[in-house]
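Working notes, structure below.
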Ligand code: CAA
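Residue numbers (this note's numbering): 1 to 704.
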């Protein structure tokens, strides 16, 4: 008997208990253990029914994702489920926590499913670039109906137990809170009342209904063309469910599912999505900080500034149930800021995301003030004022006198030196950067900027709070622009060079969206407003190397009042009330004139060159960031780019992309660019070294 699955008996019920922490993933040992325990239960003459349940916090939360991409080990999960389904004794899945992926598939192989009310079930494989490959696409439609199964399988949604009961996935919603008690009570009822049920594989009624009207397949494919653009597995999921209707029998349906599963497994997107799954969790682990270190409690927060960023940050706290005081310098600005927050909430309420009562509840957690002294009770204060060192130093100087001892003092700066800010406070150990991305209540990235003297406890608190606010926190060291904006600058500079050399903004944007970014850099610029970049460039005027190539096209747009969407024109033009960017001949003329003024003969630049230059620029700067210790690991950079800048999740992130392309190829590309433009390109030493060794960023990171 394996040590992760055990067999025991209580009265007439055999209990098959899985104990494979943390989430009871169905690893090889669990699969073998299930088969052995099943055989033992079948052989146990005292057991009239068998209950399968999970020990610890959950039922089986899915296949062991760490096994993906390796040689599959016997027994396959599908075989385990077939044996459960055809066992000569009644089998019952007793579910708590989550029954996900292979976990729900095991449950669907049982004759009955009972769950505690807090449980959730789902088939989230699509989020990992695959499809349910152990019968899920064949069995779920048989219990929940084809339309519901399609919705669940293509979104990967975790369905709460009461809804799963309504959908027919569960046979019983238990009143018990303890899963073992729930399983035993239901199993005893099955025996006492002689309840019987057909194996799911033999239930064809819902498939027959679906065969009568197959329009749902065309509808879902059309929907996915928009919502799953560029993705491979969602479409294979639909094909697999359709096979349940078309295959001559259940076994043939399983076979088709297996073929489609394998196609997904072999697709490069699967590897990228799984890198992203683990990456999201990896960034929370901070090298050098004791695992058991506890952060401080944040029961009340303060935000300085009620502008776009401050308002969005305040909303994050209010959404997480933490009261927050927002301080402004004038009543006017405060009223405007609070009004904007309410308006945002009301839009969400109109879209059905909140009730009116929830809007009031959230607004009730936000208190406006004109006096910094009102922040004296806050456990964490985030400054979101104008991006100027002078202004920030003044604010933090005052905060030192006001904030209570141990309060975390954070700046939402996106470029400035956190150490200089910390130096004004007399308590630099409590100071750090918490860089939210706009709109702060929506974007998931939080760059947590660790100053030279930031304490481990302060860092831990910021990361914990980030998680509570629903963010992915990534730690960055201090440098101009931190991880994300520092790389963005290099990439955008290269794109601006391409404009002068021969490309047009819509060509650059098209190349980047074809790769999978939701928007290209110029459409993003119009959304954010071209005034921000303009101000930044003026800030840099004094220190810019005069020999550096400077592209003035964006300055010309600014001078002509083209500030982006808000003025109806920027890199593109916009029609009234419409955010769709339209290529504009005036912009083209400005660009052609800029090339001519510098005596540049424009050349054709194709999408491949645009993309290669963009990605190589990111990777090269990423390598420098790693070398300098600004990011701990390549995966931190990948997550910054995914959650802050829309890097396609299935491509993993720039550093993962580079590893997959081969670092020698990346170096060869950069050397080719450098031969023509040595001022702006030189291969980062770490990248050069790893390429020469035939290594990868991932291997380098593992060896650190
Ligand atoms: N395989 C291996 N490890 C897993 C795992 C899995 N399926 N699910 C979670 N883990 C690991 C996490 O990496 C994490 O490890 P660390 O502590 O070392 O970082 C740990 O378990 C805890 O996970 P979370 O931090 O995510 O814990 P949570 O409580 O926030 O969430 C969860 C729990 C909802 C189960 C979430 O982990 C999750 O969504 N997991 C993935 C579920 C999934 O996709 N299942 C389908 C797998 S594919 C499949 O089953 C294919 C098939 O058809 C056979």
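Note that the Cβ used here is the ideal one computed from N, Cα and C, for glycine as well.
The beta strand (DSSP E) that contains residue i, what's its start and end?
i: residue 7; result: 5 to 10
i: residue 383; result: 380 to 383
i: residue 434; result: 431 to 436
i: residue 172; result: 172 to 174
i: residue 408; result: 408 to 411
What number of angstroms, rounded off, separates the C-alpha of residue i from the C-alpha of residue j?
i: residue 11; j: residue 48; result: 9 Å
i: residue 607; j: residue 520; result: 12 Å
i: residue 90; j: residue 111; result: 6 Å
i: residue 299; j: residue 468; result: 12 Å
i: residue 255; j: residue 239; result: 13 Å
i: residue 272; j: residue 279; result: 10 Å
i: residue 226; j: residue 236; result: 16 Å
i: residue 474; j: residue 445; result: 8 Å
i: residue 288; j: residue 165; result: 46 Å
i: residue 79; j: residue 251; result: 12 Å
i: residue 437; j: residue 309; result: 8 Å
i: residue 26; j: residue 617; result: 41 Å
i: residue 188; j: residue 113; result: 14 Å
i: residue 77; j: residue 101; result: 11 Å
i: residue 46; j: residue 638; result: 55 Å
i: residue 315; j: residue 675; result: 49 Å
i: residue 325; j: residue 385; result: 15 Å
i: residue 30; j: residue 83; result: 14 Å
i: residue 495; j: residue 156; result: 36 Å
i: residue 213; j: residue 246; result: 13 Å
i: residue 420; j: residue 544; result: 21 Å
i: residue 70; j: residue 591; result: 51 Å
i: residue 198; j: residue 204; result: 10 Å
i: residue 293; j: residue 455; result: 11 Å
Residues bridged to residue i by DSSP?
i: residue 711; result: Outside the modelled stretch of the chain, which goes from 1 to 704, sits residue 711, for which no answer is possible.
i: residue 120; result: 98 and 160
i: residue 322; result: In the DSSP output, where bridge partners are listed per residue, residue 322 has none listed.
i: residue 446; result: 436 and 473
i: residue 367; result: 325
i: residue 112; result: 92
i: residue 582; result: 573
i: residue 63; result: 26
i: residue 564; result: 569
Going by DSSP, what residue range makes up the alpha helix (DSSP H) through residue i?
i: residue 154; result: 146 to 155
i: residue 692; result: 685 to 692
i: residue 78; result: 77 to 85
i: residue 395; result: 389 to 402
i: residue 703; result: 697 to 703
i: residue 126; result: Note, residue 126: premise wrong, no alpha helix (DSSP H); not H, not E.
i: residue 637; result: 634 to 645
i: residue 681; result: Neither: residue 681 is in no alpha helix (DSSP H) and is coded neither H nor E.
i: residue 630; result: No alpha helix (DSSP H) contains residue 630, which DSSP labels as neither H nor E.
i: residue 707; result: The question about residue 707 has no answer here: the residues shown for the chain are numbered 1 through 704.
i: residue 508; result: 505 to 515
i: residue 656; result: 654 to 661
i: residue 338; result: 331 to 350
Tell me whether the beta-carbon of residue i lies closer than 8 Å to the beta-carbon of residue j.
i: residue 161; j: residue 119; result: yes
i: residue 530; j: residue 502; result: no
i: residue 447; j: residue 640; result: yes
i: residue 33; j: residue 5; result: yes
i: residue 461; j: residue 296; result: yes
i: residue 231; j: residue 269; result: yes
i: residue 451; j: residue 410; result: no
i: residue 417; j: residue 312; result: no
i: residue 372; j: residue 402; result: yes
i: residue 123; j: residue 150; result: no
i: residue 701; j: residue 633; result: yes
i: residue 54; j: residue 109; result: no
i: residue 621; j: residue 487; result: yes
i: residue 200; j: residue 143; result: yes
i: residue 434; j: residue 382; result: yes
i: residue 115; j: residue 60; result: no
Any heavy atom of ligand 3 closer than 7 Å to the CB of residue i?
i: residue 493; result: In the structure on display, ligand 3 does not appear, and the ligands it does have are ligand 1.
* Runs of beta strand (DSSP E) lying entirely within the segment 266 to 312, each at least 3 residues, in chain order -> 301 to 304
* **Segments assigned alpha helix (DSSP H), at least 4 residues, entirely inside the segment 166 to 242** => 179 to 193, 205 to 212 and 215 to 227
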